[in-house]
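Working notes for the structure below.
Numbering (this note's numbering), first residue to last: 29 to 288.
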């Protein structure tokens, strides 16, 4: 438990910084809707005629002149990419920072066991991701209250639930990568989060590579799909959950075998 609390303490500034950056940005964009409402409504016909580009962002299926459409096609993108980058950064640093800071040898000489160390570090990452999501959701709800425009609560919660699962998947993949890193590869982790988003866009635009949707967790957590269907694709969410489990087990196996 001490290790868990220490991780939370060490990452509290990063959590605060990312929460303010992403949460306040979403809050500000929601407030902007009042000034853009008429303009966005006039632009809807233009968006609908943008072909594959509009389809990739859901602009051909949702009216950006409404708060629901504006949130699903514009604001959700900020949160999705920002949240994925935050999760990737947390995951890649959890174990690698111990070797980079020359504290791995000391940590592993304590009578804790590697499973104990891995479990509490992963738990800390999961809790930080949950706190980030909760804080950003509060910022968004505050924005909806301020503007007097509210999106359907069910779909909003489903979107944030799917985003939480997506971020845990990306965090778990980077957590596994952290087992093999001797230095914090933050740039690579952030790039990985952006790459997965690019794969989501490409598989929506190019039919021949549609199977990439099984690789990128952005696909099942897309806000436009969730707000239109009123549900999350259970099969895709199950794949994401399976990836989390596999990555966690693999991290345990390889970390126990690692020679420090």
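The beta-carbon is built from N, C-alpha and C at its ideal position, and this holds for glycine as well.
Assigned exposure category for residue i - 16 Cβ within 10 Å defines buried
i	result
residue 257	exposed
residue 266	exposed
residue 220	buried
residue 264	buried
residue 45	exposed
residue 110	buried
residue 205	buried
residue 270	exposed
residue 33	exposed
residue 208	exposed
residue 277	exposed
residue 105	buried
residue 35	buried
Beta-carbon proximity check, residue i vs residue j, cutoff 8 Å
i	j	result
residue 194	residue 112	yes
residue 119	residue 201	yes
residue 260	residue 186	yes
residue 146	residue 242	no
residue 225	residue 247	no
residue 214	residue 275	no
residue 212	residue 116	no
residue 203	residue 144	no
residue 50	residue 164	yes
residue 190	residue 249	yes
residue 272	residue 197	yes
residue 61	residue 95	yes
residue 240	residue 156	no
Neighbourhood of residue i by C-beta, 7 Å cutoff - its chain only, sequence neighbours within 5 removed
i	result
residue 100	86, 90, 251, 252 and 255
residue 153	118, 119, 122, 199 and 203
residue 280	143 and 146
residue 174	59
residue 237	230 and 231
Close-in-space but distant-in-sequence residues of the same chain around residue i (CB under 6 Å, 5 per side omitted)
i	result
residue 168	54
residue 286	none
residue 31	148
residue 222	none
residue 244	224, 227 and 228
residue 192	161
residue 178	172
residue 210	127
Own chain partners of residue i with C-beta closer than 8 Å, once the 5 adjacent residues on each side are dropped
i	result
residue 170	55
residue 103	54, 57, 58 and 168
residue 218	113, 116 and 117
(request) Could I get the ranges of all uninterrupted alpha helix (DSSP H) runs contained in the region 129-196, with 4 residues as the minimum, in chain order? (result) 132-137 and 142-175
(request) Ignoring anything shorter than 4 residues or poking outside the region 189-252, list the alpha helix (DSSP H) runs there in chain order. (result) 214-233
(request) Would you mind listing the alpha helix (DSSP H) stretches within the region 257-285 that are 4+ residues and don't spill past its ends, in chain order? (result) 262-285
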